[in-house]
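Undergrad: Note that the protein sequences, when read in sequence, are chains A and Y.
Numbering-wise (my numbering), the first sequence opens with residue 232 and increments by one.
Numbering-wise (my numbering), the second sequence opens with residue -14 and increments by one.
What follows is a structure written as structure tokens; I'll ask about it next.
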Amino acid sequence: MKSSHEPRNSDLTGPRVNRRTLLKGGAAAAGAAAAGSLTIFLRTARAADTLRVLCWPGYEEKDVIQEFEDTHGVKVEFKIYIGGEQMLQFFNQTPRGTYDNVLADAEYIRKLAAIDAVEPYNPGEVPELANYHPKFNNMHQVQAGDGMVWGTPTRFSFYAISYNSDHMSFEESGDWNSLFLPKFEGKIGIFDWYLPNMGNASLAVHPNKENPYDLTDEQLGAVRDWLLRLRPQVNMFGSGAQAIVQAMINGDVVAGMIGDLDIDLKLAGYTNMESTIPVQGGIRWQEVATLCKQSENKELALEWIKYMSQAHVQAKLAYTKAFKARGPNLKIADHWTEEQNQLLGYYPDPNNPGQMWVETLIDRSVGRDLPVQQEEKAWIDIFNEFKTG
Amino acid sequence: MTEGSVIPPSNRSLLKPAFLAPPVGYYLIFFVAPLAFLVVLGFWIVRDYQIVAEFSVGNYVDIFSQFFSRSRFGWALVQSIYIAVTTSVFAVIFCYLLAMGIVFCIPERYQRLFLVLAILPFWSSYILRLFAWQLILAQKGVLNHVLGELGLDDPLIITNTQIGTRIGLIHYLAPILIIILYVTLINVNRNLIEAARELGATRLQAFWRVIVPLSRLGLVFAFGFGVIVSFGDVLSGLLLGGGIGRSWLGSYPLYSSMIMADYNSYTNLPRTAALATIMVIIMVAMLVVAYRMADRAKRQLA
Chain A
232 MKSSHEPRNS
242 DLTGPRVNRR
252 TLLKGGAAAA
262 GAAAAGSLTI
272 FLRTARAADT
282 LRVLCWPGYE
292 EKDVIQEFED
302 THGVKVEFKI
312 YIGGEQMLQF
322 FNQTPRGTYD
332 NVLADAEYIR
342 KLAAIDAVEP
352 YNPGEVPELA
362 NYHPKFNNMH
372 QVQAGDGMVW
382 GTPTRFSFYA
392 ISYNSDHMSF
402 EESGDWNSLF
412 LPKFEGKIGI
422 FDWYLPNMGN
432 ASLAVHPNKE
442 NPYDLTDEQL
452 GAVRDWLLRL
462 RPQVNMFGSG
472 AQAIVQAMIN
482 GDVVAGMIGD
492 LDIDLKLAGY
502 TNMESTIPVQ
512 GGIRWQEVAT
522 LCKQSENKEL
532 ALEWIKYMSQ
542 AHVQAKLAYT
552 KAFKARGPNL
562 KIADHWTEEQ
572 NQLLGYYPDP
582 NNPGQMWVET
592 LIDRSVGRDL
602 PVQQEEKAWI
612 DIFNEFKTG
Chain Y
-14 MTEGSVIPPS
-4 NRSLLKPAFL
6 APPVGYYLIF
16 FVAPLAFLVV
26 LGFWIVRDYQ
36 IVAEFSVGNY
46 VDIFSQFFSR
56 SRFGWALVQS
66 IYIAVTTSVF
76 AVIFCYLLAM
86 GIVFCIPERY
96 QRLFLVLAIL
106 PFWSSYILRL
116 FAWQLILAQK
126 GVLNHVLGEL
136 GLDDPLIITN
146 TQIGTRIGLI
156 HYLAPILIII
166 LYVTLINVNR
176 NLIEAARELG
186 ATRLQAFWRV
196 IVPLSRLGLV
206 FAFGFGVIVS
216 FGDVLSGLLL
226 GGGIGRSWLG
236 SYPLYSSMIM
246 ADYNSYTNLP
256 RTAALATIMV
266 IIMVAMLVVA
276 YRMADRAKRQ
286 LA
């Protein structure tokens, strides 16, 4: 979904234009070809009333975007990516100004800010934040300083224990250490990405730690030991949710550190699939709408962010054909059916009067982040050791 | 021929470079240039999440420093080579028998029909085929259901092992290998087989002493092709091998899936490129070995 282009100026990859920059541009172009992403947005064909968004699947669905297009009389073009690294590749492969908004995972904001891709804005511009769960108003990943933010959360959900209730009880699912039970030897599925798994392992070893990614070397060593101990229990590493869902349906896997895959499975009639966040805590993924620094259409881009913060829009976004998730705007429950609220946890929590079950899960979970005290490589090497152990 | 219309000597004809240009251009654009870029990229670095064209051997030092410890890229590489070689052996045996069946047991007028049927899977999606195999081979899959009905209660564990990986790969390779081996066998001189039989050779002797030696070139070519394709494949290992399928070597992922995971999780394309370059070097080495084997087989046939 990308293409030939006519750069606005000679600045292909940033402010520095020299041999290195040009080489980087060449690298990006060849990288694009190597990755098979040969379609680049045609800048010359761009109409003034067009907004361009780089995002995860779901945002482009007609139900989600139609109202915005009709209200503002514009066309929104989407470039879909799968995974934060692919997002960075796509962004770097196009001239600055190609995208007006990037929809990124919260922890990738740090990377986008480092490459001068996003622009902070005043959260006061987004009035719907008043209806957000407080944790989403205080996400450290989006704080840009001086009261400004890098983005507004739009969708989230959890990486926790998904399990087959025919094999794992509700009580067992409430403790990460249940994964070590002998009956689960060779029956555990793992999503093949170090960040959520090591975050969960960190919480298992250091329960309810405020930031499970902020570990000393000694604490990280304990996480490594926990993972290596878990290895004999692992049956598979799934490159994506679909592979693990299939393994759970086929009976090859009965539980895993893979998140709330049960939502789609329940909708498909698999009532024995459940998920929960153990008492030690779990990891939460969060998508954030950002404003591109080099956008020529910032006003409209900010309007899109405001639009995506609304409860009725998030109600559609979190319940797309692509997949089901949750919305940070708690008013979302007003726009869903009783069945949808039950499925996604927007119902009163009997143990915590005055709050919904989803709020309990939010309180029990921590946002996914990048390693704080070590380089990413140190964590990836440990995860590789776990995988090849 | 009139004066003035003399055909220039062949070494001065413009036709030669004109005809050579497209294949050479194709080769340069789609093979040499990307390969050169991959190799060069592996020597660059990443600073502030951006690629910087600054020469460094750091990526290779990092990879080889943990080749058989920590990340264990080396064990993944050994696992990949082992799976590729054994898959290719099984695939060649299976496809050779199938091609023999078509050539020697099917009347000539029906052979093309059977050949088309044999290569039919080639026109279906590889990923869909792998998901279909999952449904068949899973613990609660069709195969174990049938075995259960037959009184075998202990399910066969095939998915998420390297046996599963091989099954997916063999299905992937089969259509191409069948064509290679069919073409090889159809060109075996029948008179030589008949002569061997008339001189007292049994069917088995005729097979081992006439058919196999005469199809050695095709067998070597099919084997080499199978090894290289299996070595580079990532999907079968992920979907049927479970990413870390166990073989007698141990529960190691395939090297190709390590490259993919590195690309997906680490903002360091140069390191991924270095990992890929190592794979390409192994592939080129495999090509050289396959070429030499084929060359030797060709000389023995001549």
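Glycine residues also receive a C-beta, built at the ideal position from the N, C-alpha and C atoms.
What are the boundary residues of the alpha helix (DSSP H) that includes T80 (chain Y)?
TA: To locate residue 80 (chain Y), count along the second sequence from 1; it is residue 95. Residue identity check: residue 80 (chain Y) is Cys in the sequence provided, not Thr. Segment 58 to 85, the alpha helix (DSSP H) holding C80 (chain Y).
Undergrad: If you compare alpha carbons, which of Y:L272, Y:T150, Y:A282 is closest to Y67 (chain Y)?
TA: Counted from its first residue, the second sequence places residue 67 (chain Y) at position 82. Comparing Cα-Cα distances from Y67 (chain Y) to each of Y:L272, Y:T150, Y:A282, the minimum goes to Y:T150.
Undergrad: Name the one or two DSSP bridge partners that R32 (chain Y) has.
TA: What you label residue 32 (chain Y) is simply residue 47 of the second sequence in a count that begins at 1. Y:Q35.
Undergrad: I believe Q586 (chain A) touches I563 (chain A) by the beta-carbon criterion, under 8 Å. Please report the beta-carbon distance rounded to the nearest angstrom.
TA: Residue numbering aside, residue 586 (chain A) sits at position 355 when the first sequence is read from its first letter. Residue numbering aside, residue 563 (chain A) sits at position 332 when the first sequence is read from its first letter. That belief does not hold up - the Cβ atoms of Q586 (chain A) and I563 (chain A) are roughly 15 Å apart, past 8 Å.
Undergrad: Name the chain Y residues whose beta carbon is nearer than 7 Å to that of K342 (chain A)?
TA: Position 111 of the first sequence, counted from the first residue, corresponds to residue 342 (chain A). For K342 (chain A), the neighbours in chain Y by C-beta distance under 7 Å run, in chain order, Y34, T252.
Undergrad: Between A:D445, A:P438, A:N442, A:E530, which has its C-alpha nearest W407 (chain A)'s C-alpha?
TA: As a working mapping, residue 407 (chain A) is identified with position 176 in the first sequence. Of the listed residues, the one whose Cα sits closest to W407 (chain A) is A:P438.
Undergrad: Name, going along the chain, the residues of the segment 342 to 375 of chain A whose beta-carbon falls closer than 8 Å to a beta-carbon of chain Y.
TA: K342, A345, I346
Undergrad: Using DSSP's beta-bridge definition, name the partner residues of G382 (chain A).
TA: Counted from its first residue, the first sequence places residue 382 (chain A) at position 151. DSSP, once it has assigned bridges, lists A:T521 as partnering G382 (chain A).
Undergrad: Closest to R32 (chain Y) by CA distance: which of Y:L141, Y:P255, Y:A180, Y:F116 is it?
TA: To locate residue 32 (chain Y), count along the second sequence from 1; it is residue 47. Nearest C-alpha to R32 (chain Y): Y:P255.
Undergrad: Beta-carbon within less than 6 Å of G315 (chain A)'s beta-carbon, same chain only, minus the 5 sequence neighbours each way: which residues are those?
TA: Here the question's residue 315 (chain A) lines up with position 84 in the first sequence. Within the same chain, G315 (chain A) has close Cβ partners D336, Y339.
Undergrad: What residue does the alpha helix (DSSP H) around M539 (chain A) start on, and which one ends it?
TA: To locate residue 539 (chain A), count along the first sequence from 1; it is residue 308. Start and end: 529 to 539.
Undergrad: At a Cβ threshold of 8 Å, is G256 (chain A) touching chain Y?
TA: Working through the first sequence from its first residue, we reach residue 256 (chain A) at position 25. At G256 (chain A) the pLDDT is 41, less than 50, meaning the model places this residue with poor confidence; the figure from the coordinates comes in the next sentence. No, its Cβ sits nowhere closer than 8 Å to a Cβ of chain Y.
Undergrad: In or out: Y330 (chain A) buried (at least 16 other Cβ within 10 Å) or exposed?
TA: Locating residue 330 (chain A) in the first sequence gives position 99, counting from the first residue. That one is buried.
Undergrad: When we look at the beta-carbon of C523 (chain A) and count the other beta-carbons within 10 Å, is it buried (16 or more) or exposed?
TA: One-based indexing of the first sequence puts residue 523 (chain A) at position 292. It counts as buried.
Undergrad: May I ask you to verify whether the segment 198 to 206 of chain Y touches the segment 163 to 180 of chain Y, counting CB pairs closer than 8 Å and requiring at least 3?
TA: Proximity of the segment 198 to 206 of chain Y to the segment 163 to 180 of chain Y meets the contact definition, three or more beta-carbon pairs being nearer than 8 Å.
Undergrad: Can you round the beta-carbon distance between R341 (chain A) and L548 (chain A) to whole angstroms, since I take them to be within the 8 Å contact cut?
TA: Against the first sequence, residue 341 (chain A) aligns to sequence position 110. Against the first sequence, residue 548 (chain A) aligns to sequence position 317. About 24 Å separates the two Cβ atoms, so there is no contact after all.
Undergrad: Quick check for students: name the residue ranges of the beta strand (DSSP E) that lie wholly in the segment 467 to 515 of chain A, counting only runs of 3 or more.
TA: Taken in chain order, the unbroken stretches of beta strand (DSSP E) that lie wholly in the segment 467 to 515 of chain A and span 3 residues or more are 486 to 488, 504 to 507.
Undergrad: Quick check: what's the CA-CA separation for E183 (chain Y) versus M85 (chain Y)?
TA: Position 198 of the second sequence, counting from 1, holds the residue named residue 183 (chain Y). Position 100 of the second sequence, counting from 1, holds the residue named residue 85 (chain Y). Roughly 21 Å separates the two Cα atoms.
Undergrad: If we require 3 or more residues per run, which beta strand (DSSP E) segments fall completely within the segment 141 to 189 of chain Y?
TA: none
Undergrad: For C90 (chain Y), does the count of other Cβ atoms within 10 angstroms reach 16, so buried, or fall short, so exposed?
TA: To locate residue 90 (chain Y), count along the second sequence from 1; it is residue 105. Classification for C90 (chain Y): exposed.
Undergrad: Determine, using beta carbons only, whether M(-14) (chain Y) comes closer than 8 Å to chain A.
TA: Translated into positions along the second sequence, residue -14 (chain Y) becomes position 1. Because M(-14) (chain Y) sits at a pLDDT of 46, beneath the cut-off of 50, its placement in the model cannot be relied upon, and the point is left open.
Undergrad: By the DSSP assignment, the alpha helix (DSSP H) with D336 (chain A) in it spans what residues?
TA: Numbered from 1 along the first sequence, position 105 holds the residue referred to as residue 336 (chain A). Premise fails: D336 (chain A) lies in the beta strand (DSSP E), 332 to 336, not in any alpha helix (DSSP H).
Undergrad: Looking at the secondary structure, which residues open and close the alpha helix (DSSP H) in which N572 (chain A) lies?
TA: One-based indexing of the first sequence puts residue 572 (chain A) at position 341. Counted as a single uninterrupted DSSP element, the alpha helix (DSSP H) harbouring N572 (chain A) occupies residues 569 to 575.
Undergrad: Nearest-angstrom Cα distance between E616 (chain A) and F52 (chain Y)?
TA: Your numbering for residue 616 (chain A) matches position 385 in the first sequence. Your numbering for residue 52 (chain Y) matches position 67 in the second sequence. For E616 (chain A) and F52 (chain Y), the distance between alpha carbons rounds to 11 Å.
Undergrad: Counting only C-beta atoms, is N44 (chain Y) closer than 8 Å to chain A at any point?
TA: Translated into the one-based positions of the second sequence, residue 44 (chain Y) becomes position 59. N44 (chain Y) does not count as touching chain A.
Undergrad: Let's see if you can read the secondary structure: which residues bound the alpha helix (DSSP H) around S232 (chain Y)?
TA: Locating residue 232 (chain Y) in the second sequence gives position 247, where the first residue counts as 1. Segment: none, S232 (chain Y) is in no alpha helix (DSSP H) and carries neither H nor E.
Undergrad: Is A609 (chain A) buried or exposed, if buried means 16 or more other CB atoms sit within 10 Å of its CB?
TA: Position 378 of the first sequence holds residue 609 (chain A). The residue in question, A609 (chain A), is exposed, as its Cβ has fewer than 16 Cβ neighbours within 10 Å.
Undergrad: Would you identify the three-state DSSP class for Y339 (chain A), choosing helix, strand or coil?
TA: Translated into the one-based positions of the first sequence, residue 339 (chain A) becomes position 108. Three-state result, Y339 (chain A): helix.
Undergrad: Pick out whichever of A:F614, A:Q604, A:H364, A:K537 has its Cα sitting closest to the Cα of E298 (chain A).
TA: Your numbering for residue 298 (chain A) matches position 67 in the first sequence. The shortest C-alpha separation from E298 (chain A) is found at A:K537.
Undergrad: If we ignore side chains and look at the alpha-carbon of each, how far apart do I244 (chain Y) and A261 (chain Y) end up?
TA: Counting from 1 along the second sequence, the entry for residue 244 (chain Y) is found at position 259. Counting from 1 along the second sequence, the entry for residue 261 (chain Y) is found at position 276. Between I244 (chain Y) and A261 (chain Y), the C-alpha separation is close to 7 Å.
Undergrad: How big is the Cα-Cα spacing for E300 (chain A) and K306 (chain A)?
TA: What you label residue 300 (chain A) is simply residue 69 of the first sequence in a count that begins at 1. What you label residue 306 (chain A) is simply residue 75 of the first sequence in a count that begins at 1. If I take the Cα positions, the gap works out to 6 Å.
Undergrad: Counting only runs of 3+ residues fully inside the segment 350 to 428 of chain A, write out the beta strand (DSSP E) ranges in chain order.
TA: 374 to 376, 382 to 390, 392 to 395, 419 to 422
Undergrad: My understanding is that Q511 (chain A) touches A435 (chain A), with C-beta atoms under 8 Å, so please give their C-beta distance in whole angstroms.
TA: Position 280 of the first sequence, counted from the first residue, corresponds to residue 511 (chain A). Position 204 of the first sequence, counted from the first residue, corresponds to residue 435 (chain A). Right, the Cβ-Cβ distance comes to about 5 Å (below 8 Å), so this counts as a contact.
Undergrad: Reducing DSSP to helix, strand and coil, say where N129 (chain Y) ends up.
TA: Here residue 129 (chain Y) corresponds to residue number 144 of the second sequence, with the count starting at 1. In the structure shown, N129 (chain Y) sits in a helix (DSSP, three-state: H, G or I).
Undergrad: Using a Cβ-Cβ cutoff of 7 Å, what residues of the segment 466 to 486 of chain A are near chain Y? List them in chain order.
TA: Residues of the segment 466 to 486 of chain A whose Cβ lies closer than 7 Å to any Cβ of chain Y, in chain order: N466, M467, F468, G469, S470, A474, Q477, N481, G482, D483.
Undergrad: Would you report the Cα separation of I104 (chain Y) and Q124 (chain Y), rounded to the nearest angstrom?
TA: Along the second sequence, one-based indexing puts residue 104 (chain Y) at 119. Along the second sequence, one-based indexing puts residue 124 (chain Y) at 139. Roughly 28 Å separates the two Cα atoms.
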